[in-house]
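Asks: Encoded as structure tokens, here's the structure I'll be asking about.
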Amino acid sequence: MDDSTERLDRAFAALADPIRRDLVARLAGADATVSELAEPHDMSLQAISKHVKVLQDAGLVTRSKDAQRRPVHLDSSVFELMTKWIERYRRQAEERYRRLDDLLGRMGDEEVPEQTGAKDVS
Amino acid sequence: MTMITHGTGIVVDENIPAIEIVREFDAAPEQVFRAHVDPELYAQWVGPRSVATRITRWDARTGGEWAFADDRDGEEIASFFGSFHEVRPHERIVRTFTCEGAPDGVALEILTFAELAGGRTRLTVLSVVEDFTTRDGIVSSGMDVGVIEGFEKLDELLAKEA
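So the protein sequences, as listed, match chains X and H.
Counting from 1, one number per residue, gives the positions in the first sequence under the working numbering.
Counting from 1, one number per residue, gives the positions in the second sequence under the working numbering.
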């Protein structure tokens with residue numbers, strides 16, 4: 001596994017949790033402190049800190065050195081990697097459908113009866 | 001995250017563990033539908049070129065079932081099964097999809113065949129799985145070596161057609 005794959009695995013694992021996805025969605029708008037992030041959730045600061053730590057370890061967010069507030073900042077480069085990941089999946093589907101295009105092209109002229117029922121293919 | 005470029009469009013939903021794929025074809029819904037229910041036709045396009053698709057069970061009607069295996073160099077490398085929950089000719093297929101060996105993994109797939117002007121078809125495939133980890137695992141399978149191999153074959157094909 002190369003470095004970027006490992007990074008993506010960590011990112012997706014971190015985002016498997018709905019609370020962390022919510023934190024990321026809010027950080028996409030603006031940086032926020034842990035206490036600001038905790039506000040809408042019925043959770044302790046400590047619990048939110050743990051979630052932020054997971055996001056931080058996954059390379060999804062960074063925290064500035066500003067000792068007082070230490071706002072959490074979303075690192076956008078991981079999302080660029082994810083976009084590439086999705087693009088690969090899309091190309092895989094496109095490849096499959098180009099094979100279907102070829103097949104449909106061959107089917108085009110022939111008149112063949114409908115075959116939707118059970119078939120003995122063993 | 002939504003990406004619609006040339007050809008296949010994909011939507012990876014942020015709120016539900018689903019993947020939606022949209023693709024248009026220069027063929028009537030009857031033909032696109034048939035390529036999904038006729039086992040001989042389905043086997044010709046569903047798998048990568050480096051594998052041979054071997055249909056093992058096939059009963060494409062409401063309440064029916066399906067199963068197939070992928071063989072490479074005469075050796076089975078993967079197998080899949082599911083049921084046809086609903087088969088509505090030329091319009092809609094609802095089926096389940098499980099990759100054998102993935103414990104308890106199942107996707108619900110809703111395929112819609114919409115008629116477009118000029119005898120064309122828009123196929124929409126919505127796959128829903130039980131959680132985000134599973135969904136993201138499916139998307140990340142695009143990182144497999146087999147896919148890269150597939151792209152190389154596609155490139156060759158495109159070069160030939162050009």
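Idealized CB from N, CA, C, for every residue including glycine.
Give the straight-line distance between the Cα atoms of X/Glu39 and X/Ala28, rounded to the nearest whole angstrom.
Replies: 17 Å
Asks: Just to make sure I have the definition right: I need the residues of chain H whose C-beta is within less than 9 Å of the C-beta of X/Arg20. Which are they?
Replies: Near X/Arg20 there are no residues of chain H at all, since even the closest Cβ is about 10 Å away, more than 9 Å.
Asks: For H/Trp58, which beta-bridge partners are listed by DSSP?
Replies: Beta-bridge partners of H/Trp58 (DSSP): H/Trp66.
Asks: Which residue from H/Thr133, H/Phe113, H/Gln31 puts its Cα closest to that of X/Arg106?
Replies: H/Gln31
Asks: Would you kindly work out how many angstroms separate the C-alpha atoms of H/Thr62 and H/Val128, rounded to a whole number?
Replies: 19 Å
Asks: Can you find the residues in the same chain that come closer than 6 Å, C-beta to C-beta, to H/Ile55, ignoring five residues on each side of it along the sequence?
Replies: Pro39, Ala43, Phe68
Asks: Name the two residues that bound the continuous beta strand (DSSP E) containing H/Glu76.
Replies: Taken as a continuous stretch (DSSP letters only), the beta strand (DSSP E) holding H/Glu76 covers 75-88.
Asks: Please return the same chain residues whose Cβ sits closer than 7 Å to the Cβ of X/Ala32, not counting the five positions on each side in sequence.
Replies: Arg26, Pro71, Val72
Asks: Is the shortest distance between the beta-carbon of X/Arg69 and the beta-carbons of chain H less than 8 Å?
Replies: no
Asks: Taking only the alpha-carbon atoms, compute the straight-line gap between H/Glu91 and H/Phe33 and give it to the nearest angstrom.
Replies: 8 Å
Asks: Confirm the yes/no value for this check: CB of H/Arg122, any heavy atom of the ligand SAM, distance under 7 Å.
Replies: In the structure shown, the ligand SAM is absent, as is every other ligand, since no ligand is present at all.
Asks: Using CA coordinates, which residue listed in H/Ala18, H/Ile110, H/Ala27 is at the minimum distance from X/Gly108?
Replies: Measuring from the Cα of X/Gly108, the nearest candidate turns out to be H/Ala27.
Asks: Does DSSP put H/Asp38 in a helix, a strand or coil?
Replies: For H/Asp38, the secondary structure class from DSSP, reduced to helix, strand or coil, is coil.
Asks: Can you name the start and end residues of the beta strand (DSSP E) that H/Ser127 belongs to?
Replies: 120-128
Asks: So what's X/Arg7 in DSSP terms, helix, strand or just coil?
Replies: helix
Asks: Identify, in the order they occur along the chain, each residue of the same chain with its Cβ nearer than 6 Å to the Cβ of H/Glu20, setting aside the five sequence neighbours on each side.
Replies: Within the same chain, Val11, Leu126 come within 6 Å of H/Glu20 by CB-CB distance, once the 5 residues on both sides are set aside.
Asks: Tell me the rounded alpha-carbon separation between X/Gln92 and H/Leu123.
Replies: 16 Å
Asks: For H/Asp13 and H/Val139, what's the separation of their Cα atoms in angstroms?
Replies: 12 Å
Asks: I need the boundaries of the alpha helix (DSSP H) containing X/Ala16, first residue and last residue.
Replies: Looking at the DSSP string, X/Ala16 is not in any alpha helix (DSSP H), and its letter there is neither H nor E.
Asks: Three or more C-beta pairs closer than 8 Å, one from the segment 52-59 of chain X and one from the segment 6-16 of chain X: is that the case here?
Replies: Yes, the segment 52-59 of chain X is in contact with the segment 6-16 of chain X.
Asks: With distances taken from CA atoms, which of H/Arg57, H/Glu76, H/Arg120 is nearest H/Glu65?
Replies: Closest option to H/Glu65, Cα to Cα, is H/Arg57.
Asks: CA-CA distance, X/Leu8 and X/Lys84?
Replies: 10 Å
Asks: In chain H, which residues lie less than 7 Å from X/Glu94 when you measure between Cβ atoms?
Replies: Close to X/Glu94, with beta-carbon spacing below 7 Å, are these residues of chain H in chain order: Gly7, Thr8.
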